[in-house]
Each structure stands twice: as structure tokens, then as C-alpha cells.
Amino acid sequence: MSKGQEGVLPQGKEQENLLVMLERAQSEFGYVPEEFIVEAAHSLNVSISEVYGVATFYSFLSTKPLGKNVIRICKSLPCYLKNSQMIIKSVEDEIGIKPGETTPDGKFSFELTNCIGACDEAPAMLINNDVHVNLTPGKISQILKSYK
Ligand code: FES
Numbered sequence: 003m004s005k006g007q008e009g010v011l012p013q014g015k016e017q018e019n020l021l022v023m024l025e026r027a028q029s030e031f032g033y034v035p036e037e038f039i040v041e042a043a044h045s046l047n048v049s050i051s052e053v054y055g056v057a058t059f060y061s062f063l064s065t066k067p068l069g070k071n072v073i074r075i076c077k078s079l080p081c082y083l084k085n086s087q088m089i090i091k092s093v094e095d096e097i098g099i100k101p102g103e104t105t106p107d108g109k110f111s112f113e114l115t116n117c118i119g120a121c122d123e124a125p126a127m128l129i130n131n132d133v134h135v136n137l138t139p140g141k142i143s144q145i146l147k148s149y150k
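Numbers given in our numbering equal positions in the sequence shown, counted from 1, plus 2.
Encoded structure:
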């Protein structure tokens, strides 16, 4: 990579390799540890900030340890127009944390994410790999109970 390209996300094959490495770390550790970011930068010969940029760009990657169950509520416009704010509030009330936080017992992490491809059944959320749609505040408590 030339000097003029520093700070730009890796492209093409380089980015593919990096994503594969980051996904493996995410699956193995449950997040992408700082030390892994440094090692990946060295092995791919890119800057640490480039690797960090990729690791923080994708919502399926996390640079901090997450809880056993990861709740991701869609924050994109179609869900917003179907009252996703009410769903976010319901989850906050139910588990006592805000987006970006993890419960003290480590059972839940709560994140907001971009569209998860369920816009026609908005508002939608993911819990781990499970998609939940047509959400209402009344459904939230019941859904979360099944993950406790
Ligand atoms: S906008 Fe929410 S799932 Fe697509």
C-alpha cells in the first residue's frame, strides 16, 4: 500500500482476507480483541487503524466482549417509521441497559444495527442469529424470557 493510501480501508483481496480473519476472531473469542487487531495489521502489512476501521465498521463484529445473547435492533428508516424507538425503549426497560451496553451478569448485550433484511415485517431485531419481526412492546418481554 502506498503512503498516500494510509488511513483508507483495505480494498479487494486484502479486505477479504482481513474480514475472514476478523470473523474467525469474532467466532472464537466472541469479539475481536485488541491484540488480534495488532497481529492482523502486522500479518497483512496494513496499519492498525485500518484494521480497527474494518473491525468497527461491520455490526457483526465487536471490539469489546459481548454478553451470551446479543440483541440487535434495526435502526434503519423503515423500522424507525414502524416505531422501532418504542421497541428500543421496551428492551431498555426489560433488561435495564442502553444500546452499547452489556448486562452485569453477562447475559445480554444490546446493540443497534442497520437493516437486517426484514423491512417488510418491521420493526425487526436479531437475537444472536434469530430474526424477530413485527415487534410490539408486548412481545419483547416474552421473547427475551426465552433467552434468559
Ligand atoms: S429497515 Fe429494519 S429490517 Fe430493514
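Note that beta-carbon positions come from the ideal geometry of N, C-alpha and C, so glycine has one too.
Which class does residue i belong to by DSSP, given the choice of helix, strand or coil?
i, result
"S111", "strand"
"I118", "coil"
"Y149", "coil"
"F38", "helix"
"A43", "helix"
"L137", "coil"
Just grab the DSSP bridge partners of residue i for me.
i, result
"C76", "T115"
"I129", "I73, D132"
"T104", "S111"
Between which two residues does the alpha helix (DSSP H) carrying residue i extend?
i, result
"A57", "50-59"
"E63", "Correcting the residue type first, residue 63 is Leu in the shown sequence and not Glu. Segment: none, L63 is in no alpha helix (DSSP H) and carries neither H nor E."
"G14", "14-31"
"K91", "86-97"
Mind checking whether the beta-carbon of residue i lies closer than 7 Å to any heavy atom of the ligand FES?
i, result
"P80", "yes"
"I118", "yes"
"A27", "no"
"A43", "no"
"A57", "no"
Checklist entry - Would you call the region 77-92 and the region 130-149 touching, i.e. three or more CB-CB distances under 8 Å? => result The region 77-92 vs the region 130-149: in contact.
Checklist entry - Using 8 Å as the Cβ pair cut-off and three pairs as the minimum, do the region 119-135 and the region 94-104 touch? => result no
Checklist entry - Three or more beta-carbon pairs under 8 Å between the region 108-123 and the region 43-59, yes or no? => result no
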